[in-house]
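Contents: one structure, followed by commentary.
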Amino acid sequence: MNKMILPLLAGALYLAACAPPQPVAEAAPDASSAASEAALPVYTVATDATYPPFEFYDRQGNIIGLDIDLLNAVAERQGFKLRYYHHQWDGMFDQLKDKADIIASAVAITEESKQAAGLSNHYYNSPYMAVALNADTLKNWKQHTVSAARNEDTIEDLQQEYGVAERNIVPADTVYLSLTNLVKEKADVVVGDATVLEYYIHSPTFQAYRFHTKTLPSEHEETDRLAFAVAKGNDELLEKINQGLAQVRESGQLDDILHRWRQTRHAENRAP
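Pasting the structure below:
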(Lines of atoms letter the chains of each structure in order from A and count residues from 1; the text may use other names and numbers.)
(Lines give C-alpha, C1' and ligand atoms only; values in the text may rest on other atoms or scores of the structure.)
Protein backbone atom coordinates (compact mmCIF):
# COMPACT_ATOMS: atom_id res chain seq x y z
CA MET A 1 0.00 0.00 0.00
CA ASN A 2 1.02 3.50 -0.67
CA LYS A 3 -0.72 3.93 2.44
CA MET A 4 -4.87 8.67 13.36
CA ILE A 5 -7.01 10.70 11.49
CA LEU A 6 -5.72 13.84 9.94
CA PRO A 7 -8.10 15.86 7.75
CA LEU A 8 -7.73 19.26 6.06
CA LEU A 9 -9.39 21.07 3.14
CA ALA A 10 -10.04 18.51 0.41
CA GLY A 11 -11.16 20.20 -2.83
CA ALA A 12 -8.34 22.68 -3.20
CA LEU A 13 -5.74 20.11 -2.18
CA TYR A 14 -6.61 18.03 -5.20
CA LEU A 15 -5.99 21.04 -7.45
CA ALA A 16 -2.78 21.89 -5.62
CA ALA A 17 -1.58 18.31 -5.95
CA CYS A 18 -1.79 18.66 -9.72
CA ALA A 19 0.77 21.47 -9.72
CA PRO A 20 3.94 20.83 -11.74
CA PRO A 21 6.54 18.76 -9.87
CA GLN A 22 9.36 20.84 -8.48
CA PRO A 23 12.12 20.62 -5.90
CA VAL A 24 11.27 22.41 -2.69
CA ALA A 25 12.81 23.64 0.49
CA GLU A 26 15.67 21.65 1.94
CA ALA A 27 15.72 20.49 5.52
CA ALA A 28 19.04 21.22 7.19
CA PRO A 29 20.31 20.90 10.73
CA ASP A 30 21.61 23.90 12.59
CA ALA A 31 25.29 24.51 11.85
CA SER A 32 27.90 26.61 13.60
CA SER A 33 28.86 28.27 10.33
CA ALA A 34 27.85 28.53 6.68
CA ALA A 35 30.93 26.51 5.78
CA SER A 36 29.99 23.58 7.99
CA GLU A 37 26.42 23.65 6.71
CA ALA A 38 27.61 23.60 3.11
CA ALA A 39 29.66 20.49 3.91
CA LEU A 40 26.60 18.49 4.99
CA PRO A 41 25.58 15.68 2.63
CA VAL A 42 22.43 16.31 0.58
CA TYR A 43 20.04 13.44 -0.22
CA THR A 44 17.37 13.57 -2.90
CA VAL A 45 13.91 12.36 -1.87
CA ALA A 46 11.19 11.10 -4.22
CA THR A 47 7.59 11.39 -3.02
CA ASP A 48 4.11 11.18 -4.53
CA ALA A 49 2.84 14.63 -3.57
CA THR A 50 -0.80 13.75 -4.21
CA TYR A 51 -1.25 11.76 -1.00
CA PRO A 52 -2.32 13.89 1.97
CA PRO A 53 -1.69 14.05 4.81
CA PHE A 54 1.55 12.14 4.19
CA GLU A 55 2.81 14.31 1.32
CA PHE A 56 1.14 16.97 -0.83
CA TYR A 57 1.57 20.47 -2.24
CA ASP A 58 0.63 23.55 -0.28
CA ARG A 59 -0.67 26.68 -2.01
CA GLN A 60 2.87 27.96 -2.54
CA GLY A 61 3.90 24.81 -4.40
CA ASN A 62 5.94 23.37 -1.52
CA ILE A 63 5.77 19.69 -0.67
CA ILE A 64 4.58 19.27 2.91
CA GLY A 65 3.08 16.53 5.06
CA LEU A 66 3.56 14.05 7.87
CA ASP A 67 6.29 12.10 6.07
CA ILE A 68 8.09 15.32 5.18
CA ASP A 69 8.07 16.62 8.75
CA LEU A 70 9.31 13.29 10.07
CA LEU A 71 12.12 12.84 7.56
CA ASN A 72 13.18 16.47 8.10
CA ALA A 73 13.42 15.72 11.83
CA VAL A 74 15.55 12.65 11.10
CA ALA A 75 17.83 14.72 8.86
CA GLU A 76 18.27 17.35 11.58
CA ARG A 77 19.22 14.70 14.12
CA GLN A 78 21.64 12.92 11.79
CA GLY A 79 23.27 15.91 10.13
CA PHE A 80 22.22 15.81 6.51
CA LYS A 81 20.06 17.87 4.15
CA LEU A 82 17.16 16.88 1.93
CA ARG A 83 15.88 17.90 -1.48
CA TYR A 84 12.36 16.73 -2.42
CA TYR A 85 10.70 16.15 -5.78
CA HIS A 86 7.36 14.72 -6.90
CA HIS A 87 7.01 11.42 -8.74
CA GLN A 88 3.83 9.45 -9.29
CA TRP A 89 3.50 6.27 -7.24
CA ASP A 90 3.65 4.04 -10.31
CA GLY A 91 7.33 3.32 -10.93
CA MET A 92 8.40 4.97 -7.69
CA PHE A 93 11.00 2.35 -6.75
CA ASP A 94 12.72 2.76 -10.12
CA GLN A 95 13.71 6.25 -8.94
CA LEU A 96 16.23 4.63 -6.60
CA LYS A 97 18.22 3.36 -9.58
CA ASP A 98 19.64 6.70 -10.66
CA LYS A 99 17.74 9.72 -9.28
CA ALA A 100 16.53 9.38 -5.69
CA ASP A 101 18.44 8.46 -2.55
CA ILE A 102 15.30 8.07 -0.42
CA ILE A 103 11.60 7.40 -1.01
CA ALA A 104 9.29 9.10 1.49
CA SER A 105 5.84 8.20 0.24
CA ALA A 106 3.91 6.15 2.80
CA VAL A 107 5.76 3.01 1.72
CA ALA A 108 4.17 -0.08 3.21
CA ILE A 109 6.35 -3.00 4.28
CA THR A 110 5.27 -5.56 1.69
CA GLU A 111 7.15 -8.35 -0.06
CA GLU A 112 7.24 -6.18 -3.17
CA SER A 113 8.79 -3.21 -1.39
CA LYS A 114 11.28 -5.49 0.41
CA GLN A 115 12.45 -6.86 -2.92
CA ALA A 116 12.67 -3.41 -4.52
CA ALA A 117 14.44 -1.44 -1.80
CA GLY A 118 16.08 -1.36 1.58
CA LEU A 119 13.45 -0.41 4.15
CA SER A 120 13.86 1.50 7.38
CA ASN A 121 12.31 0.53 10.66
CA HIS A 122 8.60 1.31 10.59
CA TYR A 123 7.37 4.61 11.98
CA TYR A 124 3.58 4.39 11.68
CA ASN A 125 0.69 1.96 11.20
CA SER A 126 -2.03 2.71 8.64
CA PRO A 127 -4.37 -0.11 7.54
CA TYR A 128 -6.99 -0.04 4.84
CA MET A 129 -10.44 1.38 5.56
CA ALA A 130 -13.81 0.90 3.88
CA VAL A 131 -16.13 3.93 3.69
CA ALA A 132 -19.82 3.97 2.76
CA LEU A 133 -22.82 6.26 3.04
CA ASN A 134 -25.00 3.40 4.25
CA ALA A 135 -23.84 1.51 7.34
CA ASP A 136 -25.49 -1.72 6.19
CA THR A 137 -23.37 -1.69 3.04
CA LEU A 138 -20.25 -2.31 5.13
CA LYS A 139 -21.61 -5.63 6.42
CA ASN A 140 -20.98 -7.29 3.06
CA TRP A 141 -18.95 -4.59 1.35
CA LYS A 142 -17.05 -7.04 -0.88
CA GLN A 143 -20.23 -7.74 -2.82
CA HIS A 144 -20.76 -4.08 -3.71
CA THR A 145 -19.09 -1.81 -6.23
CA VAL A 146 -15.86 -0.55 -4.68
CA SER A 147 -13.92 2.51 -5.81
CA ALA A 148 -10.16 2.52 -5.22
CA ALA A 149 -7.26 4.72 -6.24
CA ARG A 150 -4.55 3.99 -8.75
CA ASN A 151 -2.01 5.94 -6.68
CA GLU A 152 -2.15 3.20 -4.05
CA ASP A 153 -1.75 -0.57 -4.42
CA THR A 154 -5.36 -0.95 -3.31
CA ILE A 155 -6.83 -2.25 -6.57
CA GLU A 156 -4.48 -5.23 -6.61
CA ASP A 157 -4.97 -5.88 -2.90
CA LEU A 158 -8.76 -5.79 -3.22
CA GLN A 159 -8.59 -8.70 -5.62
CA GLN A 160 -5.71 -10.68 -4.14
CA GLU A 161 -6.26 -10.25 -0.40
CA TYR A 162 -9.95 -9.43 -0.02
CA GLY A 163 -11.38 -11.39 -2.94
CA VAL A 164 -13.28 -8.52 -4.57
CA ALA A 165 -14.29 -9.34 -8.15
CA GLU A 166 -12.59 -7.21 -10.78
CA ARG A 167 -15.99 -6.31 -12.27
CA ASN A 168 -16.96 -4.70 -8.95
CA ILE A 169 -13.95 -2.36 -8.80
CA VAL A 170 -14.33 1.25 -9.95
CA PRO A 171 -10.82 2.72 -10.44
CA ALA A 172 -10.00 6.38 -9.80
CA ASP A 173 -6.76 8.30 -10.11
CA THR A 174 -6.60 9.36 -6.44
CA VAL A 175 -8.26 8.65 -3.09
CA TYR A 176 -10.03 12.00 -3.35
CA LEU A 177 -11.62 10.99 -6.66
CA SER A 178 -12.55 7.59 -5.22
CA LEU A 179 -14.49 9.37 -2.50
CA THR A 180 -16.08 11.58 -5.15
CA ASN A 181 -17.27 8.41 -6.91
CA LEU A 182 -19.00 7.42 -3.68
CA VAL A 183 -20.89 10.67 -3.16
CA LYS A 184 -21.85 10.77 -6.85
CA GLU A 185 -23.24 7.23 -6.49
CA LYS A 186 -20.81 5.77 -8.99
CA ALA A 187 -19.72 3.28 -6.32
CA ASP A 188 -21.19 1.92 -3.09
CA VAL A 189 -17.95 1.74 -1.11
CA VAL A 190 -14.49 3.30 -1.12
CA VAL A 191 -11.47 1.38 0.12
CA GLY A 192 -8.14 3.07 0.69
CA ASP A 193 -5.54 4.01 3.24
CA ALA A 194 -7.30 4.82 6.51
CA THR A 195 -5.23 7.90 7.26
CA VAL A 196 -5.82 9.44 3.85
CA LEU A 197 -9.55 8.67 3.88
CA GLU A 198 -9.98 10.12 7.36
CA TYR A 199 -8.21 13.24 6.15
CA TYR A 200 -10.75 13.74 3.41
CA ILE A 201 -13.99 12.69 5.06
CA HIS A 202 -13.50 15.28 7.82
CA SER A 203 -12.76 18.08 5.38
CA PRO A 204 -15.15 20.90 4.40
CA THR A 205 -15.53 19.48 0.88
CA PHE A 206 -17.41 16.45 2.23
CA GLN A 207 -18.97 17.98 5.35
CA ALA A 208 -22.51 17.56 3.98
CA TYR A 209 -22.19 13.78 4.04
CA ARG A 210 -22.40 11.32 6.89
CA PHE A 211 -19.86 8.57 6.28
CA HIS A 212 -19.66 5.16 7.91
CA THR A 213 -16.28 3.46 8.20
CA LYS A 214 -14.82 0.04 8.80
CA THR A 215 -11.12 -0.66 9.40
CA LEU A 216 -9.72 -3.51 7.30
CA PRO A 217 -6.51 -4.79 8.90
CA SER A 218 -4.34 -6.87 6.63
CA GLU A 219 -3.92 -10.59 7.24
CA HIS A 220 -0.21 -9.77 7.32
CA GLU A 221 0.24 -7.16 10.04
CA GLU A 222 3.55 -5.95 8.65
CA THR A 223 1.90 -4.62 5.48
CA ASP A 224 0.01 -2.02 7.53
CA ARG A 225 3.33 -0.53 8.68
CA LEU A 226 5.05 2.34 6.90
CA ALA A 227 8.75 2.90 6.33
CA PHE A 228 11.21 4.98 4.34
CA ALA A 229 13.03 3.31 1.44
CA VAL A 230 16.58 3.53 0.06
CA ALA A 231 18.42 1.65 -2.68
CA LYS A 232 19.37 -1.89 -1.75
CA GLY A 233 22.90 -2.00 -0.43
CA ASN A 234 22.93 1.60 0.80
CA ASP A 235 23.36 0.42 4.37
CA GLU A 236 25.08 3.61 5.53
CA LEU A 237 22.11 5.82 4.66
CA LEU A 238 19.65 3.25 5.99
CA GLU A 239 21.48 3.21 9.32
CA LYS A 240 21.34 7.02 9.50
CA ILE A 241 17.59 6.95 8.95
CA ASN A 242 17.05 4.21 11.53
CA GLN A 243 19.19 5.99 14.11
CA GLY A 244 17.36 9.23 13.43
CA LEU A 245 13.97 7.55 13.75
CA ALA A 246 15.00 6.09 17.10
CA GLN A 247 16.14 9.51 18.31
CA VAL A 248 12.95 11.20 17.12
CA ARG A 249 10.83 8.52 18.78
CA GLU A 250 12.75 8.47 22.08
CA SER A 251 12.71 12.27 22.37
CA GLY A 252 8.93 12.40 21.93
CA GLN A 253 9.27 14.38 18.70
CA LEU A 254 7.52 11.65 16.70
CA ASP A 255 4.47 11.94 18.96
CA ASP A 256 4.59 15.72 18.55
CA ILE A 257 4.59 15.42 14.76
CA LEU A 258 1.70 12.98 14.75
CA HIS A 259 -0.24 15.11 17.23
CA ARG A 260 0.35 18.23 15.16
CA TRP A 261 -1.06 16.59 12.05
CA ARG A 262 -4.05 15.25 13.97
CA GLN A 263 -4.81 18.76 15.17
CA THR A 264 -4.20 20.49 11.83
CA ARG A 265 -7.56 20.03 10.17
CA HIS A 266 -8.29 23.14 8.16
CA ALA A 267 -5.11 25.20 8.14
CA GLU A 268 -5.44 28.19 5.85
CA ASN A 269 -1.99 27.75 4.31
CA ARG A 270 -2.76 24.23 3.11
CA ALA A 271 -4.88 23.22 0.19
CA PRO A 272 -7.47 20.40 0.18
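Numbering (mature numbering (1 follows the signal peptide of the UniProt record, and there is no 0)) for the sequence shown: -19 to -1, 1 to 253. In this text, a Cβ means the ideal position worked out from N, Cα and C, and glycines have one as well.
| Check | Outcome |
| --- | --- |
| Spatial distance of Ala87 from Asp117 (CA atoms) | 31 Å |
| Residues sharing a beta bridge with His67, DSSP | Thr28 |
| Cross-strand partners of Lys62 (DSSP beta bridge) | Val23 |
| Contacting residues, own chain, Cβ-Cβ under 7 Å from Ser159 (five flanking each side not counted) | Ser128, Ala129, Ala130, Ala153, Val171, Gly173 |
| Lys195 in three-state terms, based on DSSP | strand |
| CA-to-CA distance, Gly233 to Leu218, given in whole angstroms | 23 Å |
| Segment limits, alpha helix (DSSP H) that includes Val229 | 216 to 232 |
| Outcome for Asn115 when other beta-carbon atoms lying within 10 angstroms are tallied against a minimum of 16 | exposed |
| Leu178, enclosing beta strand (DSSP E) - first and last residue | Element bounds for Leu178: not the beta strand (DSSP E) but the alpha helix (DSSP H), 175 to 182. |
| Sequence ranges, beta strand (DSSP E) only - wholly within the region 106 to 139, length at least 3 | 109 to 113, 127 to 130 |
| Under the three-state DSSP convention, the category Pro33 falls into | coil |
| For Ser101, the nearest candidate out of Ile44, Gln188, Leu52 (CA to CA) | Leu52 |
| Asn149 vs His125 beta-carbon contact at 8 Å | yes |
| C-beta contact flag for Val156 and Val177 at 8 Å | yes |
| Strand pairing of Val211, partner residues [DSSP] | Ile83, Gly99 |
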